[in-house]
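Novice: Handing you this structure, nothing more for now.
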Amino acid sequence: MMGRWDDGSVRAGAKMLISLKGVSKKFRKNGKEITVVNDCNLEIAENEFLVIVGPTGSGKSTLLKLIAGFEAPTAGELRVGGNIIKGPGADRGMIFQEYALLPWRTVLKNVELGLEFKGGKKEAENRELAMKYIDMVGLSYAVNKYPVELSGGMKRRASLAMILVTKPKILLMDGPFNALDSKTKMTMHTEISRIWKHEHNTIIFVTSELDEAVKLSDRIAVMNKAGRISKIFKNDLPRPRFGKAALAPDFHNRFIGLREEVLNEVKAGAGLAVCEY
Amino acid sequence: MNNSGNNREPLLELRGVTKVFNKDGKDFLALENVDLSIEEGEFVCILGPTGCGKSVTLQIVAGLIEQTSGSVILDGTEEHGPGPHKGMVFQEYALLPWRNVIENVEIGLELKNVPGKERHQIAKEQLATVGLSGTEHQQVHEISVGMRQRVAIARALANSPKILLMDEPFEALDALTKEEMQIQILKVWEKTRTTILFVTHDVDEAIFLSDRICVMDINPGKLKKVLVNHLPRPRHECMSRTDKEFREMRDEIIALYSSLKDEELDLII
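Going line by line, the protein sequences match chains A and B.
With positions in the first sequence counted from 1, the corresponding number in this note's numbering is that position plus 4.
With positions in the second sequence counted from 1, the corresponding number in this note's numbering is that position plus 38.
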């Protein structure tokens, strides 16, 4: 099947992996019903990097949890590879804002954890695979350290390796770099782009930072206060988007231009006329 | 030193534990010559301001960092490295978000290859111990931060640890939840009688929880004095922080810190 973007254009050779049809999620709070995700339609192609942005409370994290299978939709249908999502699955690895490392295990033992639970594999094989992903996230020098000895950025890398080692087809990332300082964040942007290119995952990435969104994405979906996807932007900026490439004046102008367009859409969706997002 | 008076073998013993960190080529004495004995079933708090080496002490007992000199003996055996016999509950709850509540409690048992039915049973019992029956199949992100910390406690207890090591576990919680958790940990301790070593910088918390309080000194970090806490139990039922005995104990501890500067003192009261 050919991939069809929401604006009708077709990306040659792209296979649809995830589809959302009329997805809504309502919660009951203090006796009142609140619609958090409102009639969302979305198709995501294999190996696509989709970033979801929107103001606080626009339902972007909930949408991610629906795809992860942590929440069930009130209405509508979510599918991965044609199959309806009924709960969490090994094909989808979710990375949260908080770290999830067991304090009594070293980096290596933590990364091996995902494989140990799966069972079946040999110890030596597990170790080799864990080392490969620890190397990929740039933590080889700290394999035998315990989490108490790691900085925030190092913990973030270790958590990432812990998910990557299970080789999920789809990576769901909920503000994964929010708590990091800007320098570490920039490094993580480069790393995740490199990993994505190397591992061919499909990534759905939720953030409220527009620079991050423009830097990483193939497309940017904007959600509004009503929990709807108000617009989807295609991001045609050439890759890589780091280092020297990002300094070219033409690139810079296009980067700022797209950021501005997305910003206006976010502001409109937040019900703000003139306001800093 | 400072055994509470009988001749039983201590469960945990620290002998001359010293830790020197090397940072940018400079040695820094973080912990100097700590001697401490803890008996089975005791609830001991290590109290002190930032930089007194209280977390370092706990991390050495946990086996997460190695002491420069001295030894740690648990149940007659010299300790090296961490293990499930030392249950850890830290400020970050470290639950695995892709597993539900009971699956998180089962982690240690699963890694020890305890059969499914048995580990489910143990995990269920430990969730009941921390007052979380009925939440077994909830997702981690659905429960409050206080509940997450209780799951972490249940997870540690599921391994039947010889000792529970807690490093400022309630620090990130709001005041109300913190108080609720202090009562909860006392209930857990009264029920299980697991030995607990608890690090805090909060004087009231140490008084409310402990049998003994190890008061730490700074620059360098070392044990200043060990106070026996005779306040009656169960404390959540029969005492309040405004009681005379509570205030006296508080004054005694603050007096030990008379040499601290005001801003350093602010950190512990």
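Don't be surprised by glycine CBs; every beta carbon is placed ideally from N, CA and C.
Residues in the same chain with beta-carbon distance under 8 Å from A/F255, minus the five sequence neighbours each way, listed in chain order, please.
Specialist: Counting from one through the first sequence, the residue named residue 255 of chain A turns up at place 251. Excluding sequence neighbours, A/F255 sits near L241, P242, R245 and A249.
Novice: What residue range does the beta strand (DSSP E) around A/A225 cover?
Specialist: Stepping through the first sequence from its first residue, residue 225 of chain A is reached at position 221. Looking at the DSSP string, the run of the beta strand (DSSP E) that includes A/A225 is R223 to M227.
Novice: I'd like the list of long-range same chain contacts for B/S107, defined as Cβ closer than 7 Å, with 5 residues on each side in sequence excluded.
Specialist: Position 69 of the second sequence holds residue 107 of chain B. If we look at B/S107 and ignore the five residues flanking it on each side, its Cβ neighbours are G54 and T56.
Novice: In whole angstroms, what separates the C-alpha of B/S182 from that of B/E174?
Specialist: On the second sequence, position 144 is the one that residue 182 of chain B refers to. On the second sequence, position 136 is the one that residue 174 of chain B refers to. Roughly 14 Å between the two C-alpha positions.
Novice: Taking 9 Å as the threshold (beta carbon to beta carbon), is B/I103 in contact with chain A?
Specialist: Here residue 103 of chain B refers to the residue found at position 65 of the second sequence. Closer than 9 Å: yes.
Novice: Within 9 Å (strictly less), CB to CB, does A/K29 reach chain B?
Specialist: Reading the first sequence from its first residue, position 25 is the one you call residue 29 of chain A. No, no contact with chain B.
Novice: Would you call the segment 210–217 of chain A in contact with the segment 262–273 of chain A, where contact means no fewer than 3 C-beta pairs closer than 8 Å?
Specialist: Yes: the two stretches touch, three or more of their Cβ pairs being nearer than 8 Å.
Novice: For the alpha helix (DSSP H) holding A/M98, just list the boundary residues, first then last.
Specialist: Here residue 98 of chain A corresponds to residue number 94 of the first sequence, with the count starting at 1. Note, A/M98: premise wrong, no alpha helix (DSSP H); beta strand (DSSP E) at R96 to I99.
Novice: Spatial neighbours of A/T110 within its chain, please: C-beta separation below 8 Å, excluding the five flanking residues on both sides.
Specialist: By one-based count along the first sequence, residue 110 of chain A stands at place 106. Within the same chain, A/T110 has close Cβ partners V147, N148, K149 and Y150.
Novice: Which residues in chain A sit within 9 Å of B/Q187, going by Cβ to Cβ distance?
Specialist: If you number the second sequence from 1, residue 187 of chain B lands on position 149. What B/Q187 touches in chain A: nothing, since even the nearest Cβ is about 13 Å away.
Novice: How big is the Cα-Cα spacing for A/E81 and A/G26?
Specialist: Counting from one through the first sequence, the residue named residue 81 of chain A turns up at place 77. Counting from one through the first sequence, the residue named residue 26 of chain A turns up at place 22. Answer to the nearest angstrom: the Cα atoms are 7 Å apart.
Novice: Would a C-beta distance cut-off of 9 Å place B/V237 and B/T115 closer than the cut-off?
Specialist: In the second sequence, counting from the first residue as 1, residue 237 of chain B sits at position 199. In the second sequence, counting from the first residue as 1, residue 115 of chain B sits at position 77. Contact flag unset, no.
Novice: Per DSSP, which one or two residues make a beta bridge with A/T66?
Specialist: Mapped onto the first sequence, residue 66 of chain A falls at position 62. Its beta-bridge partners do not exist; DSSP assigns none.
Novice: Would A/Y145 be called buried (16 or more neighbouring beta carbons within 10 Å of its own) or exposed?
Specialist: Counting from 1 along the first sequence, the entry for residue 145 of chain A is found at position 141. Looking at its Cβ environment, which holds fewer than 16 other Cβ atoms inside 10 Å, A/Y145 is exposed.
Novice: Between which two residues does the alpha helix (DSSP H) holding B/V139 run?
Specialist: Against the second sequence, residue 139 of chain B aligns to sequence position 101. Unbroken alpha helix (DSSP H) run through B/V139: V139 to V143.
Novice: Are B/A132 and A/A104 touching if we call contact CB-CB under 9 Å?
Specialist: Mapped onto the second sequence, residue 132 of chain B falls at position 94. Mapped onto the first sequence, residue 104 of chain A falls at position 100. Contact: yes.
Novice: Exposed or buried, which one is A/H204 when buried takes at least 16 other CB atoms within 10 Å?
Specialist: The residue labelled residue 204 of chain A in the question sits at position 200 within the first sequence. Burial call: exposed.
Novice: Given a cut-off of 9 Å on the beta-carbon distance, is the pair B/L52 and B/V82 in contact?
Specialist: Position 14 of the second sequence, counted from the first residue, corresponds to residue 52 of chain B. Position 44 of the second sequence, counted from the first residue, corresponds to residue 82 of chain B. Contact: no.
Novice: Could you confirm whether any beta carbon from chain B is found closer than 9 Å to the beta carbon of A/F209?
Specialist: The count along the first sequence starts at 1 and reaches residue 209 of chain A at position 205. A/F209 does not count as touching chain B.
Novice: Can you look up A/N182 in the DSSP assignment and give me helix, strand or coil?
Specialist: As a working note, residue 182 of chain A is residue 178 in the first sequence. Of the three classes helix, strand and coil, the one that applies to A/N182 here is coil, per DSSP.
Novice: As a quick exercise: from A/R32, A/K229 and A/Q101, pick the residue whose alpha carbon is nearest that of A/V210.
Specialist: Taking the first residue of the first sequence as 1, we reach residue 210 of chain A at position 206. When only C-alpha atoms are compared, the closest one is A/Q101.
Novice: Interface residues of chain A around B/W136 at Cβ under 7 Å?
Specialist: Along the second sequence, read from residue 1 onward, the residue named residue 136 of chain B stands at position 98. Within chain A, the residues near B/W136 are P92 and M98.
Novice: Below 6 Å CB to CB, which residues in the same chain sit around B/A161 once its five sequence neighbours on both sides are set aside?
Specialist: In the second sequence, residue 161 of chain B corresponds to position 123, counting from 1. Contacts found: I140, V143, E144 and A196.
Novice: Measure from the alpha carbon of A/M227 to the alpha carbon of each residue in A/G275, A/R198, A/G58 and A/W200, then state which is nearest.
Specialist: In the first sequence, the residue the question calls residue 227 of chain A occupies position 223. Checked all of A/G275, A/R198, A/G58 and A/W200; the closest Cα to A/M227 is A/G58.
Novice: Report the rounded CA-to-CA distance for B/L294 versus B/H118, giving the unit in angstroms.
Specialist: Counting from one through the second sequence, the residue named residue 294 of chain B turns up at place 256. Counting from one through the second sequence, the residue named residue 118 of chain B turns up at place 80. If you take the alpha carbons of B/L294 and B/H118, they lie about 33 Å apart.
Novice: Spatial neighbours of B/L265 within its chain, please: C-beta separation below 6 Å, excluding the five flanking residues on both sides.
Specialist: Within the second sequence, the letter at position 227 stands for residue 265 of chain B. Once the five neighbours on either side are set aside, the close Cβ partners of B/L265 are I251.
Novice: Determine whether the beta carbon atoms of A/I138 and A/I174 lie at a separation below 9 Å.
Specialist: By one-based count along the first sequence, residue 138 of chain A stands at place 134. By one-based count along the first sequence, residue 174 of chain A stands at place 170. No. Outside cutoff.
Novice: What are the residues that DSSP puts in a beta bridge with A/S155?
Specialist: Reading the first sequence from its first residue, position 151 is the one you call residue 155 of chain A. Answer by DSSP bridge pairing: none, since A/S155 is not bridged.
Novice: Would you mind sorting A/D185 into buried or exposed? The rule is 16 or more other CB atoms within 10 Å of its CB.
Specialist: For the purposes of this step, residue 185 of chain A is taken as the residue at position 181 of the first sequence. A/D185 is exposed by the Cβ-count criterion.
Novice: Report back the beta-carbon spacing between A/L46 and A/R96 to the nearest angstrom; my notes put them in contact at under 8 Å.
Specialist: Residue 46 of chain A sits at position 42 when you count from the first residue of the first sequence. Residue 96 of chain A sits at position 92 when you count from the first residue of the first sequence. Not quite, the Cβ-Cβ distance comes to about 15 Å (not below 8 Å), so this is no contact.
Novice: What residues in the segment 121–133 of chain B have a beta carbon less than 7 Å from any beta carbon of chain A?
Specialist: Within the segment 121–133 of chain B, the residues whose Cβ lies closer than 7 Å to some Cβ of chain A are M126, F128, E130, A132 and L133, listed in chain order.
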